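Colleague: My structure is below; once you've seen it, I'll send some questions.
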Amino acid sequence: MSGLDSLLALVKAEQISVLHLQFVDLMGSVKSVAVPANRLADVLDQGLGFDGSAIEGFAREEEADMRLAPDLSTARLWRASSGFRELRLICESTLPDGLPFAGDPRRILARSVDRALASGAPQLMISAELEFFLLPQGFVAETPDPGDPAGYFDEFPSHRHERCLEAMAGGLADAGVGVTQIHHEAAPNQYEVDLAPLPPVAAADAIVTAKLIIRREAGLHGFTASFMPKPFNRHPGSGLHLAFKSADPNRESSMWSSFAAGILAHAPGLCALANPTVNSYKRLGGSEAPGFAVWSDRHPAPYLRRMEGIWEWRAPDASAHPYLALACAIAAGVDGLEQRLDLPPRLDDLPERWSAEQRFLRHVAELPASLRDALEALEQDDCLQAALGDHALRHYLEAKKLEWKAYAQTVHAWEREMYLTL
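Here the sequence shown is numbered in the working numbering, starting from 585 and rising by one per residue.
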């Protein structure tokens, strides 16, 4: 029985009436469309048309016609917010003639993976640590609920939290997302879900799916799940730590060193994808979040942390675009391989205590201080620009510059507190 035949049989056996087709736009927002399940064979064969001009960063009005091409390997039965079971398929966007659309984020990541393998890079496996805050719906106070005194790895502070997290675990399993652990993080109401290692595209799919299910179950249990990088002044922010390892543990360690050196060399530009919001830069350099492009196995907050057979990229935050961030990180690593970059010395000290001259002499680069700085770094990074491609790069920069401009021109409460009586 073919994959399609098996899927059709499953839909019939489970009495599934709705297909849920999903894709991600250039800003990382998940888009979806519901289709009657009796159209499954047609949709898999011909795709589904949509207006690309209505999607952020996709197409101009004169080039609006696009199609969704479902990836059969992503088919999963899951429970929708309504409680009914649906068949979910993740899609890539194509042109009307079926050719790949250069601005599709999933396709950009797949292209980066193909280039890496063609260059002789190891086949990668990616695991993710996804942090978030679980807050009462409508919560607007400055600090998280003081009724949650729990800290890192503590018992869940309430039965409501426990039931919600159990539902999240069940929903993730139902959707085929492998979870290795769920635990309380350092801040009140902050949790971490660790996802099992997968090839890069599947890992990005899992991150997107996990965020959807976490939000859904939070809402069903009277909470809001926030992936904002730094929602509270006095507490750590939420990261998305991404761990790289080789599918072949026997690959040369020197190759991995050059791969890691490439990621370090392109760290400023990578922030534009891994830390894509104005708020992201209030997390970087704070508690347990890197402020400098250094690596270590001892430093409390390095940009890259080396563990046994693994390099953990600790800069990305929970708002990161998983497809674009991984595509560019892999491209940076491959650039390190191709240039045979040497890994800088391990740094176990705290460079924030050094003078600018000391950091310069030791070749320690500070990460961008703002979204604007990160976008400028991306504009100067030919390697990352090539990984994104002209279409995605142009539209991404345009949208993010508008985001920065809107923030810069907005008068914030802090400014009124400081300057209203001048």
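Just so it is clear, CB atoms sit at the ideal spot from N, CA and C, and this is done for glycine as well.
This one's a predicted model, so the numbers in the text were calculated from it and none came from an experiment.
#1: Between Arg744, Arg672, Leu968 and Pro772, which has its C-alpha nearest Ala911's C-alpha?
#2: Let me know the secondary structure DSSP gives Ile674 once reduced to three states.
#3: Cα-Cα, which of Ala902, Gly846, Glu892 and His850 is closest to Ala873?
#4: Take every Cβ of the region 620-627, pair it with every Cβ of the region 690-708, and state whether three or more of those distances are shorter than 8 Å.
#5: Indicate the three-state DSSP secondary structure (helix, strand or coil) for Glu646 in the structure shown.
#6: So, at 8 Å on beta carbons, what are the nonlocal neighbours of Trp897 in its own chain, with the 5 sequence-adjacent residues on each side left out?
#7: Tell me the start and end of each unbroken alpha helix (DSSP H) in the region 591-659 that is at least 4 residues and wholly inside, in chain order.
#8: What number of angstroms, rounded off, separates the C-alpha of Ala953 from the C-alpha of Phe716?
#9: Over what stretch of residues does the beta strand (DSSP E) that includes Ala780 continue unbroken?
#10: Of all the options Lys985, Lys984 and Ala976, which has the alpha carbon lying nearest to the alpha carbon of Gly687?
#11: On the three-state DSSP scale, how would you describe Gly587?
#12: Shortest alpha-carbon distance to Glu776 belongs to which of Ala759, Leu749 and Ala659?
#13: Considering only residues of the same chain and omitting the five flanking positions on each side of Glu645, which have a CB-CB separation below 6 Å?
#14: Can you tell which of Leu701, Trp840 and Leu671 has the C-alpha that lies nearest to the C-alpha of Gln606?
#15: Taking the alpha-carbon positions, what's the Leu1004 to Thr994 distance?
#16: So, at 8 Å on beta carbons, what are the nonlocal neighbours of Trp840 in its own chain, with the 5 sequence-adjacent residues on each side left out?
#17: Can you grab the Cα-Cα spacing for the pair Met891 / Leu868, in whole Å?
#18: Report all residues from its chain with a CB closer than 7 Å to the CB of Glu999; omit the five preceding and five following residues, and keep chain order.
#19: Would Tyr907 and Leu693 qualify as a contact pair, given that the criterion is a beta-carbon distance under 8 Å?
#20: At the 8 Å Cβ level, is Gly875 part of the contact set with chain B, yes or no?
#21: Tell me, please, which residues DSSP counts as bridged to Pro720.
#22: Just tell me which of Ala771, Pro772, Ala788 and Trp938 has its CA closest to the CA of Leu779.
#23: Checking 8 Å against the spacing of the C-beta atoms, do Asp926 and His883 come in under that value?
#24: Out of curiosity, what's the CA-to-CA distance linking Phe737 and Pro772?
#25: Specify whether the region 757-768 and the region 806-817 touch according to this definition: at least 3 beta carbon pairs, one from each stretch, less than 8 Å apart.
#26: For a test of the three-state rule: what should DSSP assign to Ser903, helix, strand or coil?
#27: Alpha carbons only, please: which of Lys615, Gly821 and Leu591 is nearest the one belonging to Ser864?
#28: Is the beta carbon of Phe807 sitting closer than 8 Å to the one on Leu714?
#29: Find out if the Cβ-Cβ distance for the pair Val619, Leu603 is shorter than 8 Å.
Modeller: So, to answer that:
#1: On the sequence shown, position 327 is the one that residue 911 refers to. It is Leu968.
#2: Residue 674 sits at position 90 when you count from the first residue of the sequence shown. Looking at Ile674 - three-state DSSP - the assignment turns out to be strand.
#3: Within the sequence shown, the letter at position 289 stands for residue 873. The candidate whose alpha carbon is nearest that of Ala873 is Ala902.
#4: no
#5: In the sequence shown, the residue the question calls residue 646 occupies position 62. Note that Glu646 has pLDDT 46, beneath the 50 cutoff, so the model's placement of it is unreliable and the number below is only indicative. Helix.
#6: Indexing the sequence shown from 1 puts residue 897 at position 313. Closer than 8 Å at Cβ, skipping near neighbours: His825, Leu826, Ala827, Phe828, Ile847, Ala858, Tyr887, Leu888 and Ala913.
#7: 624-630
#8: Counting from one through the sequence shown, the residue named residue 953 turns up at place 369. Counting from one through the sequence shown, the residue named residue 716 turns up at place 132. In a straight line, the C-alpha of Ala953 is about 23 Å away from that of Phe716.
#9: Numbered from its first residue, the sequence shown carries residue 780 at position 196. Counting along the chain, the beta strand (DSSP E) containing Ala780 begins and ends at Gln774 to Leu782.
#10: Along the sequence shown, one-based indexing puts residue 687 at 103. Considering only alpha carbons, the answer is Ala976.
#11: Within the sequence shown, the letter at position 3 stands for residue 587. Helix, per DSSP.
#12: Residue mapping note: residue 776 aligns to position 192 of the sequence shown, counting from 1. Per the Cα distances, Leu749.
#13: On the sequence shown, residue 645 is found 61 positions in, with the first residue counted as 1. For Glu645, the predicted structure reports a pLDDT of 49, less than 50, and the residue's modelled location is therefore unreliable. The matter cannot be settled from this model.
#14: The residue labelled residue 606 in the question sits at position 22 within the sequence shown. When only C-alpha atoms are compared, the closest one is Leu671.
#15: By one-based count along the sequence shown, residue 1004 stands at place 420. By one-based count along the sequence shown, residue 994 stands at place 410. C-alpha separation (whole angstroms): 15 Å.
#16: Position 256 of the sequence shown holds residue 840. Contacts found: Pro706, Ser830 and Trp895.
#17: Counting from one through the sequence shown, the residue named residue 891 turns up at place 307. Counting from one through the sequence shown, the residue named residue 868 turns up at place 284. Approximately 22 Å between the Cα atoms of the pair.
#18: Against the sequence shown, residue 999 aligns to sequence position 415. Hits under 7 Å: none found.
#19: Translated into the one-based positions of the sequence shown, residue 907 becomes position 323. Translated into the one-based positions of the sequence shown, residue 693 becomes position 109. Yes, the Cβ-Cβ distance between Tyr907 and Leu693 is below 8 Å.
#20: Any reference to chain B falls outside this structure, which holds one protein chain only.
#21: By 1-based counting over the sequence shown, the position of residue 720 is 136. According to DSSP, Pro720 bridges with Phe807.
#22: Along the sequence shown, read from residue 1 onward, the residue named residue 779 stands at position 195. Of Ala771, Pro772, Ala788 and Trp938, the residue nearest in Cα terms is Ala788.
#23: What you label residue 926 is simply residue 342 of the sequence shown in a count that begins at 1. What you label residue 883 is simply residue 299 of the sequence shown in a count that begins at 1. Cβ atoms of Asp926 and His883: not closer than 8 Å.
#24: Taking the sequence shown and counting its residues from 1, the one referred to as residue 737 is at position 153. Taking the sequence shown and counting its residues from 1, the one referred to as residue 772 is at position 188. Because the pLDDT of Phe737 is 45, which lies under 50, any placement of that residue in the model is unreliable, and the question is left without a value.
#25: no
#26: Numbered from 1 along the sequence shown, position 319 holds the residue referred to as residue 903. Coil at Ser903, not helix or strand.
#27: As a working mapping, residue 864 is identified with position 280 in the sequence shown. Nearest of Lys615, Gly821 and Leu591 to Ser864, Cα basis: Gly821.
#28: Within the sequence shown, the letter at position 223 stands for residue 807. Within the sequence shown, the letter at position 130 stands for residue 714. No, the Cβ-Cβ distance between Phe807 and Leu714 is not below 8 Å.
#29: Translated into the one-based positions of the sequence shown, residue 619 becomes position 35. Translated into the one-based positions of the sequence shown, residue 603 becomes position 19. A contact, by the Cβ cut-off of 8 Å.
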